[in-house]
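Our numbering applies: residue 2 is where the sequence shown begins, and numbers increase by one.
Yeah, the Cβ is synthetic: ideal placement off N, Cα and C, and Gly gets one too.
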Amino acid sequence: MHKYAQVIINFATTTEIDKIFTYKIETHLIGKVQLGHRVKVPFGRYNALQTGYVIGLQEEMEAVDYRLKAIAEMIETEPVLSLMQLDMAEFIVNYYGTSFAAAIDVILPPGLSQKPFEQGADYEDYIALTEDTGKVHNYISQNAHKKTFARQRYLLEYLLVHHKVLQKELENLPETSKSSLKTLIQNELVVKLKEEKTLIKDAINYTAFKSLNEEQFKAKQSILSMLTKKQYDTILLQGVTGSGKTEVFLYAIKEVIEMGGSAIVLVPEIALTKQTLERFQERFGNQVALTHSRMTPKERQKLYIKAKRGEISVIIGPRSAVFMPFENLKLIVVDEEHESTYKSENMPKYHAIDIAQMRMKRENGVVLLASATPSIETYYNCLSSIYQKVELNHRIGNAVLPEVITVDMRLELKRGNNGVISQQLFEAISTTLREGKQVMLLINRRGHSSFINCRSCGHVIKCKHCDVSMTYHLSSRTLECHYCGKKQPVPEKCPACNSKYIRFFGSGTEKVEEYLTEHFESYGIGRMDLDTTTGKTGHHKILEAFSLRKINLLIGTQMIAKGHDFKEVALVGIISADLSLYMQDFRSNERTFQLITQAMGRAGRSDTKGQVIIQTYNPEHIVLERIKYNNGELFYKEELKNRELMGYPPFANVFTVLISGKSEHEVIDAAHALTQYYRHYSQRGRGVFRIVGPSPAVISKVADEYRWRIIILSEERDRLLIFGKYCLQKFNTIQTRESIKIQWDINPLSMM
Ligand code: ADP
Ligand code: ZN
Ligand code: ZN
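Given below as structure tokens:
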């Protein structure tokens, strides 16, 4: 019998030092407390009761400490964490270096209170007729003459036929009322029963599946053969945009359901369209459910329970859906696997693909990554035969990849056009709309003008709190900082020299919209960016209008680039390919390649050939060249060579430390002091670690906080994580500085 329990205290989610505490199990709880139980334990000097999780049990202890406290009570009768979930938590702790409490926090559904979390079935109220039907008939004949009896009579006659009916259903019958039901209950003619909700799973709708083309069929066969092997595997389904990838993994899910298993489908949050969801529901009916960040904690808890009880077989959702507690999980699909939204920005900073692989290794299942533009890491893993690759190289039906034209904006300027839209793009928009087709324009920046400067002295108006220039927003006629959200009025004079000549430079979605409205208003113009998509239905409204052709010209940020399948789009314009090319991040080439390729993927998805026009000040840029000549393979090979040369991922792992605080000199000081620790201890690592910095972060000030960073690289992930945290802890214990915040991450996806 287990007499001692190892307990993780719930509140330690934010601190990185989380200890495991041992508690006694008193006689009345022996045999009851199990792994994964949520318990209340006395904690600290005043023995205040805290919530904790049992993560270990022990029969005896070598030396029993008489001061050991005892578990006060169990919160639930059943453990809240299964063994599978405890394994996941342990993986997170070891792989991301976070606390156990933080790991558990991300695995369990949000909003669990101190109250017991009931994971049992849902119950429903039924109304049944009494066994004594003689009594019922008597009652009817006694009351038949009363005018007010009609409703009661109707109910009784209904129940004489159906005997037991859902209370909700009864109350909805038009000829009855709640009060007449109440009277019948009072007179004991009917009784109320609570019964487990019966769930009838919809059957798979086989007719909804499309017959696959040859290429899709082959892809499907290879995936199914790996699924039926019942061994862990990661497969990359690399298919050009519009090649029917979704259709292929729908078949894989069908196979899994037929095997009695379940599947998780991860989608980058913003890309999930109503269309996609409908494609799933059409085939799997109520066996599929959707989860998303705008659901309430209650709704998410309900879904969690349904998954745990096997009442659904497929869940579609963002990265956190990877934790869904399915028991017989056989497949995790990661759609648009290259998206950076799969990496969490909060502790624990997990990547959904890592978790998916850990789970599938444990369950002997398959991770299926799908993308037209896989991440460099994934591409490399295929080259190294760590992943299998399955390809789709052709678009569905007669659709072909669009023609790509680059427009040199320097020449445009020489010709005297200093507007946002080149002559060539303008004409193409005009022709496309006139021919009754649709246009999408991508501009990777919201707002109107991205910087405002003085013509006399060149002063650029920056946010007072951040090291970034302010963006002008036309709708509110204010300047807005996209980093801290602060707004301010447009100054009438230059704050530096008092000149009245202030000009607006750079363009965002609003400016493009403003300009094009002048010319093409009658065709219907829509704008989709963070400012127009607030609220639950923001996205859907705009996309619906585009799909119904109320809008024919859609302008937007990267939101419009992804996933959508609109058949009538014949032209995609990329207003400025340069905006993301020059981010100071080793991934900027990769990101630009992905973004432009995805945006291009929206053009020409049916019989008419599509066209893509890319405006740039740098048409010779290697990324644009590779895109223009449809040379994706070459792009990946060259990029890998660069990364190897520079010693960046996937050839190394990165540990980043961000030091921030209100006082610039304290931040610089701390950054240098901490770097000394890294340099000192790395000498023992015999050259395994490469230390870069300290240096100011790309955005060196945000919301009045100065930011510096240190980067440490190493081929050995495990050692890097331990080393990165070890030095940090040393530094923290010796030089605690209240005014300095230190954040760290292993293999972050953004170097901002
Ligand atoms: P991807 O995920 O590669 O972008 P989708 O699976 O969304 O591609 O397919 C693109 C379009 O082609 C969708 O409208 C889809 O319904 C259609 N489609 C896919 N496969 C087939 C098929 N075998 N036969 C007919 N239409 C198909
Ligand atoms: Zn000035
Ligand atoms: Zn700001």
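For residue j and residue i, the rounded distance between their alpha carbons
i, j, result
"Leu69", "Ile21", "13 Å"
"Phe250", "Thr99", "33 Å"
"Leu109", "Ala308", "13 Å"
"Glu27", "Ala102", "24 Å"
"Lys542", "Lys438", "20 Å"
"Lys116", "Ala151", "45 Å"
"Ile503", "Val491", "10 Å"
"Ile575", "Val655", "32 Å"
"Tyr637", "Ser385", "14 Å"
"Asp234", "Leu228", "8 Å"
"Ile18", "Phe12", "The pLDDT assigned to Ile18 is 49, lower than 50, so where the model puts this residue is not dependable; a value taken from the coordinates is nonetheless given after this. Going by the C-alpha atoms only, they are around 12 Å apart."
"Val34", "Leu87", "15 Å"
"Leu332", "Ile224", "11 Å"
"Leu393", "Pro375", "13 Å"
"Glu639", "Thr247", "29 Å"
"Gly417", "Val513", "18 Å"
"Ile354", "Leu182", "54 Å"
"Ile651", "Thr208", "Per the sequence shown, residue 651 should be read as Pro rather than Ile. Approximately 43 Å between the Cα atoms of the pair."
"Ala698", "Arg710", "6 Å"
"Lys231", "Thr292", "27 Å"
"Leu722", "Leu330", "30 Å"
"Met348", "Lys303", "25 Å"
"Arg310", "Phe281", "21 Å"
"Asn173", "Ala129", "16 Å"
"Met340", "Arg363", "With the sequence shown as reference, residue 340 is identified as Glu, and Met is not the correct amino acid for it. Cα to Cα, the separation comes out at about 25 Å."
"Glu176", "Asp123", "28 Å"
"Leu625", "Ser423", "17 Å"
"Thr149", "Pro326", "53 Å"
"Leu412", "Glu270", "39 Å"
Whether residue i touches residue j by CB criterion (8 Å)
i, j, result
"Tyr97", "Tyr351", "yes"
"Thr379", "Glu338", "yes"
"Glu60", "Met2", "yes"
"Ala104", "Gly57", "no"
"Ile743", "Val668", "no"
"Val268", "Ile313", "no"
"Gly557", "Gly243", "no"
"Thr617", "Ala578", "yes"
"Lys165", "Tyr127", "yes"
"Val323", "Ile265", "yes"
"Pro403", "Gly633", "no"
"Tyr484", "Val421", "no"
"Leu36", "Leu113", "no"
"Leu1", "Met441", "The question about residue 1 has no answer here: the residues shown for the chain are numbered 2 through 753."
"Val81", "Arg39", "yes"
"Ile236", "Gln389", "yes"
"Thr342", "Arg320", "yes"
Proximity test, Cβ basis, 8 Å: residue i and chain C
i, result
"Ser476", "Of the protein chains in the structure, only one exists, and it is not chain C."
Residue i classed as buried or exposed, judged by whether at least 16 other C-beta atoms fall within 10 angstroms
i, result
"Lys195", "exposed"
"Ala204", "exposed"
"Gly261", "exposed"
"Thr609", "buried"
"Met560", "buried"
"Asn95", "exposed"
"Asp746", "buried"
"Ile478", "A small correction: the amino acid at residue 478 is Arg; Ile does not occupy that position in the sequence shown. By the 10 Å Cβ count, Arg478 comes out exposed."
"Phe44", "buried"
"Lys488", "exposed"
"Lys169", "exposed"
"Ala64", "exposed"
"Phe427", "buried"
"Ser696", "exposed"
"Ser226", "exposed"
"Leu750", "buried"
"Phe218", "exposed"
Assumed close pair residue i, residue j - CB separation to whole angstroms, cut-off 8 Å
i, j, result
"Ser715", "Arg691", "7 Å"
"Val335", "Val315", "Not confirmed; about 14 Å, so no contact."
"Ser470", "Ser451", "7 Å"
"Cys498", "Cys482", "Not confirmed; about 22 Å, so no contact."
"Arg592", "Gly509", "Actually they are not in contact, since the Cβ atoms of Arg592 and Gly509 sit about 19 Å apart, beyond 8 Å."
Ligand 4 heavy atom lying under 7 Å from the CB of residue i
i, result
"Asn399", "Among the ligands present in this structure, namely ligand 1, ligand 2 and ligand 3, ligand 4 is not found."
Check your understanding: Residues near ligand 2, CB to any non-hydrogen atom under 5 Å, in chain order?
Key -> Cys455, Ser457, Cys458, His460, Cys495, Ala497, Cys498 and Ser500
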